[in-house]
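Have a look at the structure below before the remarks.
Protein chains: 4
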Amino acid sequence: MIDNQQLAMALRSFAAERDWDQFHTPKNLATSISVEAAELLELFQWSRGQKGWDEVADPSIRAKIEEELADILLYLIRFADKAGIDLEAIDERKIASNAMKYPSEKFRGSDRKYDE
Amino acid sequence: MIDNQQLAMALRSFAAERDWDQFHTPKNLATSISVEAAELLELFQWSRGQKGWDEVADPSIRAKIEEELADILLYLIRFADKAGIDLEAIDERKIASNAMKYPSEKFRGSDRKYDE
Amino acid sequence: MIDNQQLAMALRSFAAERDWDQFHTPKNLATSISVEAAELLELFQWSRGQKGWDEVADPSIRAKIEEELADILLYLIRFADKAGIDLEAIDERKIASNAMKYPSEKFRGSDRKYDE
Amino acid sequence: MIDNQQLAMALRSFAAERDWDQFHTPKNLATSISVEAAELLELFQWSRGQKGWDEVADPSIRAKIEEELADILLYLIRFADKAGIDLEAIDERKIASNAMKYPSEKFRGSDRKYDE
Numbered sequence: 026m027i028d029n030q031q032l033a034m035a036l037r038s039f040a041a042e043r044d045w046d047q048f049h050t051p052k053n054l055a056t057s058i059s060v061e062a063a064e065l066l067e068l069f070q071w072s073r074g075q076k077g078w079d080e081v082a083d084p085s086i087r088a089k090i091e092e093e094l095a096d097i098l099l100y101l102i103r104f105a106d107k108a109g110i111d112l113e114a115i116d117e118r119k120i121a122s123n124a125m126k127y128p129s130e131k132f133r134g135s136d137r138k139y140d141e
Numbered sequence: 026m027i028d029n030q031q032l033a034m035a036l037r038s039f040a041a042e043r044d045w046d047q048f049h050t051p052k053n054l055a056t057s058i059s060v061e062a063a064e065l066l067e068l069f070q071w072s073r074g075q076k077g078w079d080e081v082a083d084p085s086i087r088a089k090i091e092e093e094l095a096d097i098l099l100y101l102i103r104f105a106d107k108a109g110i111d112l113e114a115i116d117e118r119k120i121a122s123n124a125m126k127y128p129s130e131k132f133r134g135s136d137r138k139y140d141e
Numbered sequence: 026m027i028d029n030q031q032l033a034m035a036l037r038s039f040a041a042e043r044d045w046d047q048f049h050t051p052k053n054l055a056t057s058i059s060v061e062a063a064e065l066l067e068l069f070q071w072s073r074g075q076k077g078w079d080e081v082a083d084p085s086i087r088a089k090i091e092e093e094l095a096d097i098l099l100y101l102i103r104f105a106d107k108a109g110i111d112l113e114a115i116d117e118r119k120i121a122s123n124a125m126k127y128p129s130e131k132f133r134g135s136d137r138k139y140d141e
Numbered sequence: 026m027i028d029n030q031q032l033a034m035a036l037r038s039f040a041a042e043r044d045w046d047q048f049h050t051p052k053n054l055a056t057s058i059s060v061e062a063a064e065l066l067e068l069f070q071w072s073r074g075q076k077g078w079d080e081v082a083d084p085s086i087r088a089k090i091e092e093e094l095a096d097i098l099l100y101l102i103r104f105a106d107k108a109g110i111d112l113e114a115i116d117e118r119k120i121a122s123n124a125m126k127y128p129s130e131k132f133r134g135s136d137r138k139y140d141e
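Listed below in structure tokens is the structure:
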């Protein structure tokens, strides 16, 4: 489980102690999610990670991946908390709507987008 | 709570039914997180979201935000599941290390980066 | 003028000398453009740059902006060279099609997207 | 050649006619570059573009690539024009400094970052 309510509370205190709420606008938190996502992506900028998951078993690369995944998730939790959005609920809904958008009979083995 | 283990199981079935595991490499999932992060960011490309959270109360913009947050989180959960990474644990560690990187005495009210 | 043909030639030599063509696939160069774009964006992650262009006159921030703009443009030129795409021609076409997509009578003073 | 001065003039008129200068802050234009970069990246989200440039010869994918490259470059030119930055000059400087950061004796055939 991810205890996002507890993490959200910790992030609220963290921001309050530093008088950072003023910077945590929707635009700035959305920007932060993108900035951190690109730092994860940078680990795979060239040949790394193109084949499979044994490539990310190496401890030093794994440590970097964990840093970036954590950064992205914390900003996501912070954004959702500020916006009053229930991350568990929207995820369940999303999996259901994706199943309808990508019926397996039509998309098995294919990586084309639903509108391609 | 976010039941990421359950969501991860649902995503495993989803991919297996569509023979999509072949596409779910580290590089491709990292790419997907970035692509979805930019779709969230696009909602705030111009003036929207620069001031505060009441701006995202509007139902139509809120619905779009929920779509994109869900997309980002699902790819994050999928990536972590494939990599065998515990998202709860890395988040707790991150908040602790951020507290040390940004002591409140030094950074209160400031948005400068730790190395600025 | 941007002498993109000359810059493209310099980039070809640069890659050849380092045996880097193997890494310069469409996917990897598109990834690189995104990674560098996020490094530019990071300079504006919080409050900086929200009001106006005098904010970027400061020499130290200006130097960082120049680094990132150059990185993005070099990857763009490299991508276009590898793909055989004429950047001048596509830009002229784009300005024309944007004018049709955003007639000034309909969009004056508005930052909504064409399909909003 | 890319006649960026002429394109910049066209973009100035375009924005003025629509009273859009108010939206063209450093932060918003940096955001736009990232948003468009991700739209290019999305074309390569899964298996496309991982091997080589013949993959992007297909006319329909080529047309989409041209759209996104043009979007990125126009925002780059607009940003540089507003900031008073000479894109040709910074690019020449960048190639030179990259040559020093990545001497071919040390980096031939390797995709590691300079600090790896």
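Protein sequences appear in the order of chains A, B, C and D.
Numbered according to our numbering, the first sequence spans residues 26 to 141.
Numbered according to our numbering, the second sequence spans residues 26 to 141.
Numbered according to our numbering, the third sequence spans residues 26 to 141.
Numbered according to our numbering, the fourth sequence spans residues 26 to 141.
C-beta atoms are modelled at their ideal positions from N, C-alpha and C, and glycine is treated no differently.
Look at I27 (chain A) here: in three-state DSSP terms it is strand. Among the CB atoms of chain C, one or more fall inside 7 Å of the CB of S72 (chain B). Taking each of A:Q30, A:K119 and A:I86 in turn and checking the Cα distance to K52 (chain B), the smallest one comes out for A:I86. A distance of 7 Å or more separates the beta carbons of E42 (chain A) and I97 (chain A).
For P128 (chain C), no alpha helix (DSSP H) encloses it, and the DSSP letter there is neither H nor E.
With respect to chain D, the C-beta atom of D96 (chain A) has no partner C-beta closer than 7 Å. For L66 (chain C), the enclosing alpha helix (DSSP H) stretches over residues P51 to E67. Taking 8 Å as the upper bound for CB-CB distance, D28 (chain C) and E113 (chain D) are in contact here, some 6 Å apart. Considering only beta carbons, the part of the segment 57 to 68 of chain A lying closer than 7 Å to chain D consists of S59, in chain order.
When secondary structure is reduced to three states using DSSP, A41 (chain A) falls in the helix class. Within chain D, no C-beta atom comes less than 9 Å from the C-beta of D111 (chain A); the nearest is roughly 26 Å away. At a cut-off of 7 Å between beta carbons, E91 (chain B) contacts chain A.
Taking a C-beta distance under 7 Å as the contact criterion, M26 (chain B) and M125 (chain A) do not qualify as a contact pair. In this structure, the CA atom of D44 (chain A) is about 6 Å from the CA atom of R133 (chain B). Cβ atoms of I90 (chain A) and A108 (chain B) come within 8 Å of each other, at about 7 Å. In this structure, the alpha-carbon of S72 (chain D) lies about 28 Å from that of S38 (chain C). For E80 (chain A), there is no enclosing alpha helix (DSSP H), since its DSSP letter is neither H nor E. Rounded to the nearest whole angstrom, the C-alpha separation of S122 (chain A) and L68 (chain A) is 31 Å. Within the segment 118 to 138 of chain C, the residues whose Cβ lies closer than 7 Å to any Cβ of chain B are, in chain order, D136. Proximity of chain B to F48 (chain D) at the Cβ level (cut-off 7 Å) is accounted for by W71 and S72, in chain order. With respect to I120 (chain A), A35 (chain B) sits close: the two C-beta atoms are nearer than 7 Å. By the 16-neighbour rule on beta-carbons within 10 angstroms, E130 (chain A) is exposed. In this structure, the CA atom of E141 (chain A) is about 44 Å from the CA atom of D79 (chain C). The Cβ atoms of L101 (chain A) and A55 (chain B) do not sit closer than 7 Å to each other. Between the alpha carbons of Y127 (chain A) and K138 (chain C) lies a gap of roughly 27 Å.
With contacts defined by Cβ atoms closer than 7 Å, D116 (chain A) and A95 (chain B) form a contacting pair.
The Cβ of D28 (chain B) sits closer than 7 Å to at least one Cβ of chain A. In this structure, DSSP gives R87 (chain C) a helical state, which the three-state scheme calls helix. Around the beta carbon of Q30 (chain C), fewer than 16 other beta carbons lie within 10 angstroms, which makes this residue exposed. Distance from the Cα of I110 (chain A) is smallest, within the candidate group B:A33, B:H49, B:V81 and B:T50, for B:V81. When the beta-carbon positions are compared, S57 (chain D) and Q75 (chain B) stay at least 7 Å from each other. It is roughly 19 Å from the alpha-carbon of D83 (chain A) to the alpha-carbon of H49 (chain B).
Cα atoms of L99 (chain C) and G77 (chain C): separation of roughly 26 Å, rounded to the nearest angstrom.
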